[in-house]
Every structure is written in structure tokens, then in C-alpha cells.
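Asker:
Residue numbers (our numbering), protein chains in the order written: chain S, 16 to 333; chain R, 19 to 295.
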């Protein structure tokens, strides 16, 4: 049993743990602290928790000011608001000057399934990835989310992490990922070996890629390599080249638009490498309401079946 | 503490030299924000040469008061003041906006000493200043944070988010100064987007409000004292000013918000500043 039931729970609890070790850690929410779980921090460290009300732009710039006095602010809201509504504030003051502000895009992707397109983020990674010098993180489970938050607290500079709202399969064990590892940003974990096709996935879709790999082996005898790409930017080109050198084709899978997310990052990095790439992701559409998360993911083709089909299709090109 | 008549006179001379340097920074034949820089010169002189605790030999001294120029387009006024103070080298003034220069078109803390935050995208500085005020207060510091806004800038909604939040958090260590020169980039504020009774608006949000003539040094100093004396709320000083103050042909004119001077106008601007001093 993992330490945290969801990524957002990992966010709230990890910040409390970090807050005990470092009194520079502050948390800001925009009246969504119950959802982001940032509000848990307020109970432990009320003086370092800033409820900013429904005003994300002000929240982002206030975080800039706090960082200028030596604090390490973690700013949280839904991914769609914190990257969209407060984009300019993040870009102009925080990113240009490289301020030490950590941004948490909570309820990322379609994970806030009930609330529909206004609350679901299909382009948060695209926005953050376009920012020069930005670090964009997309953990695959709650344990990795916690490790990434610990990394964010110790490493200087602006960073973005996308956090899922719902429970998701555990892929890592507590303590398996070392946030102090010097090559932390070069992490790209091969979770399953295979030499026919590489399934490069991020976030919720990593567990789906593992499932797809099992199906490909059982049904077709295809050996799929499954890789968790959780550092979306800077994407480690050398590591990527090493990972794909022995496969014939590549499939990317993400709970994000195929424009500007993991698929784009992989294709950009491999643009001089003649390997076909199929992208599983949201196909240039907005989200929509559904009664359940699984149902919604399925309707957007974010399933093991879709990854399996994409692998067969792209391998047939060979 | 009341400033002596000599101190006031010295500050007036500082403001004069800041204005002369602003004209140098605008230069000949290239666009520069003359109007909104000149309207601020007296306030800037009062802050840098009287009110703010600073160590010019150590611009990053942690005990310093902070100034956020939210109306970042008035960077020329801040560069002029920092040069007058000795934090910026005189020789840099020739290099404003030149490729690779620390003197960017808008203030850049990563390139220019004495700049506290990157501003220029309007409406954000008051929030940054609020974050600083909260951070400094958290550490039990005595430092004050000053934030200069334009009146056209008050069009931006984020200013009012910050106004609400600063009142909510009762940041007594925060003073906003509105350069109420009445003219924004393309015309009079009252015509482009009327900001109305600025003092009443801030007062409604819960701020201590002070109204002054932003070119009267005694009133500026009094206003800053009153703001510092406030212990329960943030303060705002509405400083009524003239855009392009001192350069008679540019006064009150939107054309000189980011205008260009030819050689004759450059000289005329300097003559006018000396004449009006």
C-alpha cells in the first residue's frame, strides 16, 4: 500500500513534511485548497499558508514577491487556471527572472471528470513547455509525485508539476525514487523491457501502457518496452536516443493534447531520428463532463486498447 | 520627523538632476517614456534620497526597503535615480536599450543592480509588492515595501485583486503610490478608461488613503510619513502629477508617453527643466 492514496493527497502531505524541515516553504491556494489538498498545510503552519481567494493572477504575483524575500512558495490551483489564467504573471515576473516559485497544476488533464471543459486541462503542459528554460514534471503515481515535490523544494528556479485528482495504480515503492539524485531531471524509467516497440507514456497513461504491453505480448508476441517519461522538460535527448535505439517504432501516450505535450516533446527531440511515432492523447479537443473518470478517459481514446492499436498501426509502417 | 528646509531643497535638486538624466536617457531620435518618467521624478527623489533605508554600496542588503516600479515603462526615471544614487555607473546611461545592456526597456532584476523585480506587464507590481510585504513581515522585519503604479495601470483588474488581498492581510508595511498624471498611452485616462475617484476606490477596499501634489516635495514627504505611521492597514498615496513635468512642450501630452525627441527638442527639454526648476 502506497503512502498516499492519490497524487493530490501526496501534494498536501508532502508539503507538510517539507514544511517541517524548511520554514521557507509557503503554500498559496485560490479557494480550491480542499481540492488541491494544499489546505492541509494551513493546519500545521497557518502563518505560512496564504489563502488568496478566487484571484489566481494576484496569487501568482504574490508568490513572486514571497520568493523575492527568500521564501519557497508552492502555488496551487486547478491546472487549467494556474497555467492559463495566471500565465502572464508566471511568465513576466517569475520565469523571466528565474524566481524560485513552484507551480502545482492540480486536477490536471481530465481528472476533474465531472466539471467539464472549463475545469479540465488539455494544454497545461504545452503552455508551460513553451516557456524558455522551464521545468515541467508529470508524475506517474502518488509516490513519484511526492518525490518530485521534494526535488522541487530543494532545486532552485521556477517549476511546474501536474497533479492528478483521482486514485491511480501504484508503480513505485516509497523510497524508490531519490529526490536528491544529481541526475534527477534526466530520469526516464524503463518499467518493462522489449525491443519491438517503445511505449513512452506519462502520468495516468503509464499504467495503461504497461497493460497494453501485456496485451501485445499475449496476443501477438510483440515485446514492448514501457517507459515512464515524467520529466517532460527538459527532456533528456541522449537518454531518449538510448532508449529507442533498439526499437522499430514508438508510441507516446498522455492525458493531454497531442499538441505541445509529451508526444510533441518526443518528436521534437527525435526529429533527426528516422523512427515512426504514433501519438495517443487528446486529439485537439476540449474535455467534457462525465459521471466517471474511466468512462471519460475511454471516450477520449486514452486506454490500453488505444495504445495497443497505435502500436500495431505504427509497427505496420515498417 | 519633519525634513529641514535644506533637506527639502536638496531633494528638489536631486529631482532636477533625475529629470535631466531622463532626457539624456530618452536621447535623440529614439523612442523613450519621457512623460511618465518625468511625472515621477520628485517622488523618486524623495524615496531614494530620503525615505528608503538603503545601502548604496550593498544594493542587496537584506534590511533595505523595497521599491517595485509596477509602471515599469518609467524605468528611465528609476535608472536616473539609481545613477544619481551611485548604484548604477554613469557610463551605463549611454547604453540604455542597447543590445546586451543592463538597462533594458523595462526593469530587469537579473541584469540591472538596484531593481527588485521584473515589471512592465502592467497591473502586477502591487501583487509582487504584497508578496514581499508578507514575506518580510513573516520574518519579523521592519522593512517597508513601496510600489509605484500608473493611473492608467489601474485599468488592470489584478490591481484590485491585490488591493483586496493587501487589505485582507492588513499589510501595514506596504505603501502604494499612484502617479495620477491623468494621461495613459493613447490619451487622457478619463477618455481611454476612466478610473474615477481613485482614493475612494482604495478606501472602499480598506486602505489608508492620502492625497498629495506629487510635485510638492513637502507634501510628498508628509504623505510618506503618514503612510509609515499607519499601523493597521496598507496605505496608498494618490500623487496628482503632470505627465512630462518640467518639459513644457511635453506636459500633459500622450504623444510623449513614449515619444521621440529630435536634437532641437532634446535641447529644449533640458532648457525647460532648468527654467522650471
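Each residue gets a CB set at the ideal place from its N, CA and C atoms; glycine is no exception.
1. What is the DSSP secondary structure of residue 291 of chain S, counted as helix, strand or coil?
2. Taking Cβ to Cβ, would you say residue 164 of chain R is nearer than 8 angstroms to residue 193 of chain R?
3. Thinking just about the alpha-carbon of each residue, which of R:39, R:210, R:136, R:82 is nearest to the one in residue 72 of chain R?
4. Does the beta carbon of residue 259 of chain R come closer than 8 angstroms to any beta carbon on chain S?
5. Mind pulling the chain C residues with CB within less than 7 angstroms of residue 154 of chain R?
6. Would DSSP call residue 244 of chain R helix, strand or coil?
7. Let me know the secondary structure DSSP gives residue 260 of chain R once reduced to three states.
8. Is the distance from the Cβ of residue 221 of chain S to the Cβ of residue 162 of chain S below 8 angstroms?
9. State the CB to CB distance for the pair residue 245 of chain S and residue 180 of chain S, rounded to an integer number of angstroms; the pair is presumed to be in contact (CB under 8 angstroms).
10. Could one say the Cβ of residue 136 of chain R lies closer than 8 angstroms to chain S's Cβ atoms, at least one of them?
11. Kindly indicate which residue of S:112, S:214, S:234 has the alpha-carbon position closest to the one of residue 261 of chain S.
12. Look up residue 233 of chain R in the DSSP assignment and say whether it is helix, strand or coil.
13. Leaving out five residues before and five after residue 123 of chain R in sequence, what residues of the same chain have Cβ atoms less than 6 angstroms from its Cβ?
14. For residue 62 of chain S, return the contacting residues in chain R, with the cut-off set at a CB-CB distance below 7 angstroms.
15. Could you tell me the distance, in whole angstroms, from the CA atom of residue 272 of chain S to the CA atom of residue 208 of chain R?
16. Using 8 angstroms for Cβ pairs, my map puts residue 121 of chain S next to residue 178 of chain S. What's the rounded Cβ distance?
17. Tell me which same chain residues have a C-beta within less than 8 angstroms of the C-beta of residue 233 of chain R, skipping the five on either side of it?
18. For residue 41 of chain S, which three-state DSSP category applies?
19. Under the three-state reduction of DSSP, which class applies to residue 202 of chain R: helix, strand or coil?
20. If you drop the 5 nearest sequence neighbours on each side, which residues of the same chain put their C-beta closer than 8 angstroms to that of residue 268 of chain R?
21. Cβ of residue 216 of chain S within 8 angstroms of Cβ of residue 243 of chain S?
22. In the DSSP assignment, what are the bridge partners of residue 270 of chain S?
23. Whose C-beta lies closer than 6 angstroms to the C-beta of residue 76 of chain R among residues of the same chain, with five residues either side of it excluded?
24. Taking Cβ positions only, does residue 221 of chain S come closer than 8 angstroms to chain R?
25. Can you find a C-beta in chain R that's less than 8 angstroms from the C-beta of residue 67 of chain S?
26. How many Å lie between residue 137 of chain R and residue 85 of chain R at the Cα?
27. So residue 23 of chain R contacts chain S; which residues on that side make the cut at Cβ distance below 9 angstroms?
28. Can you check the segment 58 to 144 of chain S for any alpha helix (DSSP H) of at least 4 residues that lies completely inside it and give the ranges in chain order?
29. Whose Cβ in chain S lies nearer than 8 angstroms to the Cβ of residue 147 of chain R?
30. Along the chain, which unbroken stretches of the beta strand (DSSP E) at least 3 residues long are found entirely within the segment 78 to 155 of chain R?
31. Hey, is the segment 129 to 149 of chain S in contact with the segment 93 to 108 of chain S, meaning 3+ C-beta pairs nearer than 8 angstroms?
32. Suppose the cutoff is 8 angstroms on Cβ atoms and the five residues either side in sequence are ignored; what does the same chain contact list for residue 331 of chain S look like?
33. Counting Cβ pairs closer than 8 angstroms, one from the segment 140 to 154 of chain R and one from the segment 175 to 185 of chain R, do we hit at least three?
34. Can you list, in chain order, the residues of its chain with a C-beta nearer than 6 angstroms to that of residue 230 of chain S? Leave out the 5 residues immediately preceding and following it.
35. For residue 218 of chain S, does the count of other Cβ atoms within 10 angstroms reach 16, so buried, or fall short, so exposed?
36. Within 8 angstroms (strictly less), CB to CB, does residue 59 of chain R reach chain S?
Answerer: If we stick to the structure as given:
1. coil
2. yes
3. R:82
4. no
5. Although the question refers to chain C, the structure presented lacks it and instead comprises the protein chains S and R.
6. helix
7. coil
8. no
9. The Cβ separation is near 17 angstroms, so there is no contact.
10. yes
11. S:214
12. coil
13. 115
14. 156
15. 44 angstroms
16. 5 angstroms
17. 60, 259, 260, 263
18. strand
19. strand
20. 52, 53, 56, 261, 262, 274, 277, 287
21. yes
22. Note: residue 270 of chain S sits in no beta bridge, so no partner.
23. none
24. no
25. yes
26. 11 angstroms
27. Simply none; closest approach about 37 angstroms.
28. 71 to 83, 139 to 144
29. 80
30. 84 to 87
31. yes
32. none
33. yes
34. 323
35. buried
36. no
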